[in-house]
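Worksheet for the structure shown next.
Residue numbers (my numbering): 219 to 807.
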């Protein structure tokens, strides 16, 4: 098992992952009956979250707003409709330039990408509940992480609706929704919360990274991509997925950001993931509504505590909320992938090393050394086997050529060579184990570098100021000396310094391995370093640096092991092969 086979394994694995994720859709959801929004005079058996009536033309020019000025976020809340629809993240900019705009996660109607979080109620017979045009009263001048606010509204029938809203030092909003009944008769109301995106989001386009409608339902992660949500909703009256459960969370997952509704974890509720269109615009909604109404007696005051997360998918922060607030699987909003049991520990190890070194790139390099040391005993066996096979390559080729028209005798001759040299074919096959293990290691590190926000805009050295982005240099414009971007013509024309270094390490690593016996196959594999150089030119720089460093360590390790076993000399000359003796024929009777 040699480098060419490892490259083949990686290429096949990439193809399998891509084909599986794109060609094998998840099974269709089991849709409960989707009752319409209850009319004001009908008693609802199972109310739904009313569709938003807000549109670009219905938004007043002057909408009363409450400023939000917290440690990690800044923005404002629309007092009309009690919509959290203006939120930017402190500390996260659109580009590496610290003068670039902050990342904006929520935006009001009228913006090119309107998105918001909202809390509300559905009502029983004759109960007037707040809607998108209700103007709420606030008891303060702004919302901060040390100063909560209370929003109130009286429906004129003796019911006072109240939202106690607070935000912590990070990205978690808590809303206590309550109703005081001063009407003199009992009423039924169903609290709900929703997250809306009134546009079709543009995803990153990575086949191994999920972006779309996502949540934890019945202690399992559920994912519905935007195209799938649209097609499913078209077949089920606007509903892409719907299920009743207790607890969980659901919302919109981006590469680095999450906007999610988190219901009261002790109250049974129904989540509904919907898609509709209005005037040619896509509208996606994730909502929760309590399964049973709150029956409020005269003079009674009753409510539920709900939460909403709107911010960066910082792994340790999600872990904190998952543990503290008992929100199941919240940390899996980060798409850890198939090898989550490897990827997540890898992240923690690299993040720990980053805390020591202050550089994620250096942390990756140190972590790779530890991985190499862990697999050294297996690698030593593998490299000795490859060294012996390299020296035996001429003898094996001679056996192939001598009996090329007789596969059975060819196999016997090759086995005789192995026996003469004291090499077990089974040991040779077992020698590929450490190289096979590199496949999940490769994908796990690829995931860590690709998806974790801790890697976003993380600098390395020199021209690499963002390990999550491609190497900004390009050989086709003489590394910036010529003022044009060849990638504008074709993405394949982006080839930086680090991908070139990767190609060189792959070339030198191939030189240490036995060549393929077939001349055509040998010529094909000679082009593999070139193919991978161009392919990796569009991958995150952190991954390219890792692979280049890993190849360098492998070259040094392989040379050291084979040199110690005296397997680095010139290949042995072909030896005469003794053909097997033909079996005597039985005399005919």
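All residues carry an ideal CB built from backbone N, CA and C; glycine is no exception.
Is it the case that the Cβ atoms of residue i and residue j are separated by a distance below 8 angstroms?
i: residue 415; j: residue 333; result: yes
i: residue 578; j: residue 451; result: no
i: residue 530; j: residue 566; result: no
i: residue 462; j: residue 407; result: no
i: residue 443; j: residue 494; result: no
i: residue 171; j: residue 404; result: It is not possible to answer for residue 171, since the shown part of the chain is limited to 219 through 807.
i: residue 545; j: residue 491; result: no
i: residue 337; j: residue 413; result: no
i: residue 871; j: residue 628; result: Residue numbering for the chain in the displayed model covers 219 to 807; residue 871 lies beyond these limits and cannot be assessed.
i: residue 568; j: residue 399; result: no
i: residue 385; j: residue 369; result: no
i: residue 810; j: residue 486; result: It is not possible to answer for residue 810, since the shown part of the chain is limited to 219 through 807.
i: residue 526; j: residue 335; result: yes
i: residue 769; j: residue 739; result: no
Is the CB of residue i under 8 angstroms away from at least one CB in chain C?
i: residue 714; result: This model lacks chain C altogether; it includes just one protein chain.
Less than 8 angstroms between the CB atoms is what I'm expecting for residue i and residue j, so what's the real figure, rounded?
i: residue 287; j: residue 360; result: 6 angstroms
i: residue 663; j: residue 564; result: 6 angstroms
i: residue 691; j: residue 714; result: 4 angstroms
i: residue 550; j: residue 390; result: At roughly 17 angstroms, the Cβ-Cβ gap does not stay under 8 angstroms, so residue 550 and residue 390 are not in contact.
i: residue 387; j: residue 363; result: 5 angstroms
i: residue 409; j: residue 508; result: 6 angstroms
i: residue 553; j: residue 730; result: Actually they are not in contact, since the Cβ atoms of residue 553 and residue 730 sit about 36 angstroms apart, beyond 8 angstroms.
i: residue 753; j: residue 724; result: Actually they are not in contact, since the Cβ atoms of residue 753 and residue 724 sit about 11 angstroms apart, beyond 8 angstroms.
i: residue 449; j: residue 479; result: About 23 angstroms separates the two Cβ atoms, so there is no contact after all.
i: residue 571; j: residue 559; result: That pair is no contact at about 20 angstroms.
i: residue 717; j: residue 755; result: 4 angstroms
i: residue 322; j: residue 306; result: 5 angstroms
i: residue 660; j: residue 555; result: No, residue 660 and residue 555 are not in contact; Cβ-Cβ is about 12 angstroms, not under 8 angstroms.
i: residue 522; j: residue 683; result: That pair is no contact at about 46 angstroms.
i: residue 537; j: residue 417; result: Contact flag wrong, Cβ pair sits at about 31 angstroms.
i: residue 711; j: residue 705; result: 6 angstroms
i: residue 654; j: residue 561; result: With a Cβ gap of about 18 angstroms, residue 654 and residue 561 do not count as contacting.
i: residue 371; j: residue 355; result: 7 angstroms
i: residue 308; j: residue 320; result: 7 angstroms
Express the C-alpha separation of residue j and residue i in angstroms, rounding to a whole number.
i: residue 353; j: residue 425; result: 44 angstroms
i: residue 377; j: residue 318; result: 46 angstroms
i: residue 240; j: residue 433; result: In this predicted model, residue 240 has a pLDDT of only 37, less than 50, meaning its place in the structure is not dependable; the value taken from the coordinates is given anyway. Cα to Cα, residue 240 sits roughly 20 angstroms from residue 433.
i: residue 524; j: residue 367; result: 15 angstroms
i: residue 498; j: residue 330; result: 14 angstroms
i: residue 375; j: residue 420; result: 45 angstroms
i: residue 447; j: residue 547; result: 22 angstroms
i: residue 590; j: residue 771; result: 8 angstroms
i: residue 445; j: residue 325; result: 22 angstroms
i: residue 516; j: residue 542; result: 35 angstroms
i: residue 636; j: residue 781; result: 21 angstroms
i: residue 460; j: residue 484; result: 19 angstroms
i: residue 397; j: residue 583; result: 57 angstroms
i: residue 687; j: residue 383; result: 38 angstroms
i: residue 299; j: residue 373; result: 14 angstroms
i: residue 634; j: residue 623; result: 18 angstroms
Going by other Cβ atoms of all chains shown within 10 Å of its Cβ, with 16 needed for buried, is residue i buried or exposed?
i: residue 422; result: exposed
i: residue 672; result: buried
i: residue 613; result: buried
i: residue 512; result: buried
i: residue 411; result: buried
i: residue 778; result: exposed
i: residue 436; result: exposed
i: residue 619; result: exposed
i: residue 573; result: exposed
i: residue 313; result: exposed
i: residue 365; result: exposed
i: residue 327; result: buried
i: residue 828; result: The structure shown does not extend to residue 828, since the chain is modelled only from 219 to 807, so the question has no answer here.
i: residue 472; result: buried
i: residue 689; result: buried
i: residue 168; result: Residue 168 lies beyond the stretch modelled for the chain, which goes from 219 to 807, so this question has no answer here.
i: residue 670; result: buried
i: residue 496; result: exposed
i: residue 763; result: buried
i: residue 296; result: buried
i: residue 502; result: buried
* Asked: Where are the alpha helix (DSSP H) runs, 4 residues long or more, that stay fully inside the stretch 523-570, in chain order?
  -> 533-542
* Go through the stretch 387-444 residue by residue and report every complete run of the beta strand (DSSP E) that reaches 3 residues or more, in order. => 390-399, 405-415, 430-435 and 438-443, all fully within the stretch 387-444.
* What runs of the alpha helix (DSSP H), each 4 residues or longer, lie entirely inside the stretch 740-778? -> 746-754
* Report the residue ranges of all alpha helix (DSSP H) runs contained in full by the stretch 666-735; include only those spanning at least 4 residues, in chain order. => 715-729
* Entirely enclosed beta strand (DSSP E) segments - the stretch 461-509, minimum 3 residues -> 467-471, 475-480, 486-496 and 499-508
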